[in-house]
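A.B. asks: Mapped onto mature numbering (1 follows the signal peptide of the UniProt record, and there is no 0), the consecutive letters of the sequence shown carry residue numbers -18 to -1, 1 to 191. Pasting a structure below so you can have a look.
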Amino acid sequence: MAKVSGAALVAAVLLVTACDAPRARDTAGPAAPPAPAPPATPAASSAASSCAGGRVSVGPTRRRTVILALAPAVTITSPKGGKLDPGSLRDVRQYRAQVVAQKPVPQDKVYRAFVQRWDDPAAMPALGEVAPVNHSPGDSAVVNRPGRYVQYEGVQAVEAAFSYTCGKATVRGTASSWIGPISGVLGCDSTDRPPDVASYKDVIAACRE
């Protein structure tokens, strides 16, 4: 975890992302979605779930921050600041590389099509892998002034809607993965907040505990 110093900390959030995280290819022009399918009969649904030759269409990729672990708020009283203990991080949720759909689909095939959006698909997490959380980073976060702080870790999640068409049946769902860890410190006394407040709601709530 990166060391935090200077007035920038009070501004609120320090994000450290993996330098070698895969980069998305241009997704500004998503593949045209298939025409809406008529209501599927049980037979058509069964065919869609077992048809290995179906067509996968992946929509635009979205990125968002997912908080996986955070520490209780700590009050630093020293005028010179102090060090935050990374060992106090506790898990708040898991995030998994997965394919979720309305009905059964060949998940491996859909996930492969999804990760092809990135420069190095082989570097992406495997389907079913759970994002790790480092509860004991080598470097503790350091703040240089008194205040109340919450330390957190998470991932930069990537998600995209997809459709899988087999014969006359189309199944829709969402593919999810991540491209790198994040970590940081929120200054509870700061009036600034992360631009994506919804993603940091657990961190902000910890300031009030």
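Don't be surprised by glycine CBs; every beta carbon is placed ideally from N, CA and C.
Hey, could you find the ends of the alpha helix (DSSP H) C33 is sitting in?
C.D. replies: Looking at the DSSP string, C33 is not in any alpha helix (DSSP H), and its letter there is neither H nor E.
A.B. asks: Which one of G149, Q133, S60 has the shortest CA to CA distance from D73?
C.D. replies: Residue Q133 is the option with its Cα nearest to D73.
A.B. asks: By Cβ distance, which residues of its chain are closer than 6 Å to K62, with the 5 residues on each side in sequence left out?
C.D. replies: Counting only Cβ-Cβ distances below 6 Å, and skipping sequence neighbours, we find nothing.
A.B. asks: Going by the DSSP bridge assignment, what does D73 pair with across the sheet?
C.D. replies: D73 pairs with A51.
A.B. asks: Who does G136 pair with in a DSSP beta bridge?
C.D. replies: Beta-bridge pairing links G136 to I49, I164.
A.B. asks: What residues in its chain sit with their C-beta under 8 Å from that of E191, if we drop five residues either side in the sequence?
C.D. replies: Result list for E191: P54, A55, in chain order.
A.B. asks: Take R37 as the anchor and find which of T173, S145, A180, S172 has the nearest alpha-carbon.
C.D. replies: Of the listed residues, the one whose Cα sits closest to R37 is S145.
A.B. asks: Measuring only the C-alpha atoms, how far is S158 from D90?
C.D. replies: Near 12 Å, if we compare the C-alpha coordinates of D90 and S158.
A.B. asks: Compare the Cα-Cα distances from Q138 to each of G129, P107, Y131, R154 and report the closest residue.
C.D. replies: With distances taken between Cα atoms, Q138 lies closest to P107.
A.B. asks: Measuring alpha carbon to alpha carbon, tell me which of Q84, Q76, A51 ends up nearest T156.
C.D. replies: Comparing Cα-Cα distances from T156 to each of Q84, Q76, A51, the minimum goes to Q84.
A.B. asks: Considering Q89, what are the terminal residues of the alpha helix (DSSP H) in which it resides?
C.D. replies: First-last of the alpha helix (DSSP H) with Q89: 89 to 97.
A.B. asks: If you compare alpha carbons, which of D178, C189, R154, S165 is closest to V81?
C.D. replies: Comparing Cα-Cα distances from V81 to each of D178, C189, R154, S165, the minimum goes to R154.
A.B. asks: Run through DSSP, which three-state label would V40 get?
C.D. replies: The answer is strand: DSSP assigns V40 an E or B state.
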